[in-house]
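**Student:** Structure in structure tokens, see below.
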Amino acid sequence: MFRHPFLIGTLAAVFSVFLGALECNRQVRTPVEVRGERIYGRMCAVCHGPNGEGYRADEAPAVGKRAFLGTASDVFMRRAINDGRTGTTMSAWSTAHGGPLSGPDVDAVIAYLRTLQPGAPVAVDQHQQAGHVEEGARLFERECARCHGARGTGGPNVGIGNPELLASATDAFLRHAITNGRPETAMPSFGEKLGKQGVDDVLAHLRDLQRQAAPPPPEPPAPPPPIPLGPVPLNPKGPEPAGFQKAPATTHAELIHSELERGAKMAILDARAPQDYRNGHIAGAVSVPFYDVQPYVTKLPKNAWLVAYCACPHAESGQLAQRLLEAGFEKVTILDEGLGFWRSKHFATHEGDDP
Numbered sequence: 135m136f137r138h139p140f141l142i143g144t145l146a147a148v149f150s151v152f153l154g155a156l157e158c159n160r161q162v163r164t165p166v167e168v169r170g171e172r173i174y175g176r177m178c179a180v181c182h183g184p185n186g187e188g189y190r191a192d193e194a195p196a197v198g199k200r201a202f203l204g205t206a207s208d209v210f211m212r213r214a215i216n217d218g219r220t221g222t223t224m225s226a227w228s229t230a231h232g233g234p235l236s237g238p239d240v241d242a243v244i245a246y247l248r249t250l251q252p253g254a255p256v257a258v259d260q261h262q263q264a265g266h267v268e269e270g271a272r273l274f275e276r277e278c279a280r281c282h283g284a285r286g287t288g289g290p291n292v293g294i295g296n297p298e299l300l301a302s303a304t305d306a307f308l309r310h311a312i313t314n315g316r317p318e319t320a321m322p323s324f325g326e327k328l329g330k331q332g333v334d335d336v337l338a339h340l341r342d343l344q345r346q347a348a349p350p351p352p353e354p355p356a357p358p359p360p361i362p363l364g365p366v367p368l369n370p371k372g373p374e375p376a377g378f379q380k381a382p383a384t385t386h387a388e389l390i391h392s393e394l395e396r397g398a399k400m401a402i403l404d405a406r407a408p409q410d411y412r413n414g415h416i417a418g419a420v421s422v423p424f425y426d427v428q429p430y431v432t433k434l435p436k437n438a439w440l441v442a443y444c445a446c447p448h449a450e451s452g453q454l455a456q457r458l459l460e461a462g463f464e465k466v467t468i469l470d471e472g473l474g475f476w477r478s479k480h481f482a483t484h485e486g487d488d489p
């Protein structure tokens, strides 16, 4: 058969371009996915990482990995984004909780996350769970509690015992995570170590924790109104704070507390989502969400120190501080240890919309 070298080379080049075009087209996002990417970058990347790689702040899980996306349902992700995770730094982002995201916004974020999922969904084991609660509790204490907390919450890693998580997670989703781990994260695989029965025993224990948990609070009847800014600064006639470090440097919480007790002039800004502020904030703080600073810029004083804080301990507050600096504020600092440390020292906090 006759083969012309020039013709063969030309066809190969054309075929290569064609494959490249197919690849480019495959990566083109729909308008909904583009919108979701924009929202994700604005709200979520600060903790979960720009590409969902996780652990950017406060051990936030890797939501862009195949092991997660291949097993997590849209329902699971929607509930997590809408309602948050009680007792963690995962905020409730839906408008029903006073957050910024409508239903279509949340769906757009999920659509974007699906574009990060390589290949088909992961095959999961759907068999009916037949574990033993007592043995599962023993195994959990031995293998899991050091990372996830004694009852699956309060540990350094994902709160696997969180009632909202368990209410939306299927047995197959949890079984796959325990058996196979989460590659490229701190979660190892336990399939060989525990065996199928041991995995089911741990799963039975988790479901028992779910049954013991208090029922989730009812949905609010209507979206709460925006939180008013409140009076700023505190102690308007007080002295200048001493020792505050300009952002991106941080200032120790104990120093901020002592200056507040001394009556120093400052404004304390809660960088978290509004529902987190309502659930508990530093006494005297006002709500200025890190993702929506512009409405507050003209209302904040430029002649007083602004103290940004969150619970990450300073991922969201760092974002808020940076945006304030970009808006022309110069006296901006970040509370170093976050709200958890503030509470651990029994410094004053408050709940509700009022500072």
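Positions in the sequence shown are counted from 1; adding 134 to them yields my numbering.
Beta carbons are placed, not taken as given, at the ideal position from N, Cα and C, and that holds for glycine.
Among all the DSSP beta bridges, which residues are the ones paired with Tyr443?
**Tutor:** Partner(s): Asp404.
**Student:** Using CA coordinates, which residue listed in Cys446, Phe475, Val441 is at the minimum distance from Glu464?
**Tutor:** The candidate whose alpha carbon is nearest that of Glu464 is Val441.
**Student:** Run through DSSP, which three-state label would His182 get?
**Tutor:** In this structure, His182 counts as helix in the three-state DSSP scheme.
**Student:** Would you mind giving the Cβ-Cβ distance between Pro447 and Gly414, rounded to the nearest angstrom? I have them listed as a contact below 8 Å.
**Tutor:** Actually they do not touch by this definition, with Cβ atoms about 15 Å apart.
**Student:** What is the DSSP secondary structure of Leu434, counted as helix, strand or coil?
**Tutor:** In this structure, Leu434 counts as coil in the three-state DSSP scheme.
**Student:** For Val256, which residues does DSSP report across the bridge?
**Tutor:** Val256 pairs with nothing; no bridge assigned.
**Student:** Are the beta-carbon atoms belonging to Ile361 and Ser323 less than 8 Å from one another?
**Tutor:** The answer is no: Cβ separation not under 8 Å.
**Student:** Is DSSP giving Ser236 helix, strand or coil here?
**Tutor:** Correct three-state label for Ser236: coil.
**Student:** Specify the secondary structure class of Met135 as computed by DSSP and reduced to three states.
**Tutor:** Any reading at Met135 needs caution, since the residue's pLDDT is 43, under 50, leaving its predicted position unreliable; the model's value is listed next. Residue state, collapsed to three classes: coil.
**Student:** Helix or strand or just coil, what does DSSP make of Val422?
**Tutor:** Correct three-state label for Val422: coil.
**Student:** If distances are taken between C-alpha atoms only, which option among Arg345, Gln346, Ile312, Leu343 comes closest to Gln331?
**Tutor:** The candidate whose alpha carbon is nearest that of Gln331 is Ile312.
**Student:** Which first and last residues belong to the beta strand (DSSP E) in which Val466 is found?
**Tutor:** Looking at the DSSP string, the run of the beta strand (DSSP E) that includes Val466 is 466 to 469.
**Student:** Beta carbon of Pro375, beta carbon of Glu393: below 8 Å?
**Tutor:** Their beta carbons are under 8 Å apart, which means Pro375 touches Glu393 by this criterion.
**Student:** By the 10 Å Cβ neighbour count, where 16 or more other Cβ atoms means buried, how is Asp488 classified, buried or exposed?
**Tutor:** Under this definition Asp488 is an exposed residue.
**Student:** So, are the CB atoms of Gly204 and Val197 less than 8 Å apart?
**Tutor:** No, Cβ-Cβ distance for Gly204 and Val197 is not below 8 Å.
**Student:** Can you tell me whether Ile312 is helix, strand or coil according to DSSP?
**Tutor:** Helix at Ile312.
**Student:** Could you give the distance in angstroms between the alpha-carbon of Ala271 and the alpha-carbon of Asp217?
**Tutor:** In a straight line, the C-alpha of Ala271 is about 28 Å away from that of Asp217.
**Student:** Going by beta-carbon coordinates alone, are Arg309 and Ala201 separated by less than 8 Å?
**Tutor:** Against a cut-off of 8 Å, the Cβ pair of Ala201 and Arg309 comes out as no contact.
**Student:** What do you reckon, are the CB atoms on Glu298 and Thr220 nearer than 8 Å?
**Tutor:** It is a contact, given that the beta carbons lie within the stated cut-off.
**Student:** Beta-carbon within less than 8 Å of Thr384's beta-carbon, same chain only, minus the 5 sequence neighbours each way: which residues are those?
**Tutor:** So the qualifying residues of the chain are His448, Thr467, Ile468, Leu469, Asp470.
**Student:** Is it buried or exposed, Pro195, if we count other Cβ atoms within 10 angstroms and call 16 or more buried?
**Tutor:** Classification of Pro195: buried, given that the 10 Å Cβ count is 16 or more.
**Student:** Using three-state DSSP, classify Leu363 as helix, strand or coil.
**Tutor:** In this structure, Leu363 counts as coil in the three-state DSSP scheme.
**Student:** Please name the residue in Phe475, Ala191, Trp227 whose C-alpha comes closest to that of Val243.
**Tutor:** The option with the nearest alpha carbon to Val243 is Trp227.
**Student:** Apart from the five residues just before and just after Val180, which ones in its own chain have a Cβ nearer than 7 Å to its Cβ?
**Tutor:** Answer for Val180: Arg190, Ala191, Ala449, Glu450, Gln453, listed in chain order.
**Student:** Return the CA-CA distance between Trp476 and Ala419, expressed in angstroms with no decimal places.
**Tutor:** Roughly 13 Å between the two C-alpha positions.
**Student:** For the alpha helix (DSSP H) holding Cys281, just list the boundary residues, first then last.
**Tutor:** Residues 279 to 282.
**Student:** Measuring only the C-alpha atoms, how far is Lys327 from Asp305?
**Tutor:** Cα to Cα, the separation comes out at about 19 Å.
**Student:** Taking 8 Å as the cut-off, decide whether the C-beta atoms of Gln263 and Ala338 are in contact.
**Tutor:** It is a contact, given that the beta carbons lie within the stated cut-off.
**Student:** Buried or exposed: where does His182 fall if 16 or more other Cβ atoms within 10 Å of its Cβ makes it buried?
**Tutor:** His182 should be labelled buried.
**Student:** With burial defined as no fewer than 16 other Cβ atoms inside 10 Å of the residue's Cβ, what is the status of Gly232: buried or exposed?
**Tutor:** Buried is the call here.
**Student:** May I ask you to report which of helix, strand or coil DSSP gives Glu485?
**Tutor:** Three-state result, Glu485: coil.
**Student:** Report the three-state DSSP secondary structure of Ile244 (helix, strand or coil).
**Tutor:** In the structure shown, Ile244 sits in a helix (DSSP, three-state: H, G or I).
**Student:** Give the range of the alpha helix (DSSP H) segment to which Pro165 is assigned.
**Tutor:** Run containing Pro165: 165 to 177, per the alpha helix (DSSP H) assignment.
**Student:** Tell me which residues share the same chain as Ala303 and place their Cβ nearer than 7 Å to its Cβ, disregarding the 5 neighbours each side in the sequence.
**Tutor:** Cβ neighbours of Ala303 beyond the five flanking positions: Phe210.
**Student:** Under a three-way DSSP split, which group does His261 fall into?
**Tutor:** In this structure, His261 counts as coil in the three-state DSSP scheme.
**Student:** If you follow the alpha helix (DSSP H) that Phe210 is in, where does it begin and where does it stop?
**Tutor:** Counting along the chain, the alpha helix (DSSP H) containing Phe210 begins and ends at 208 to 217.
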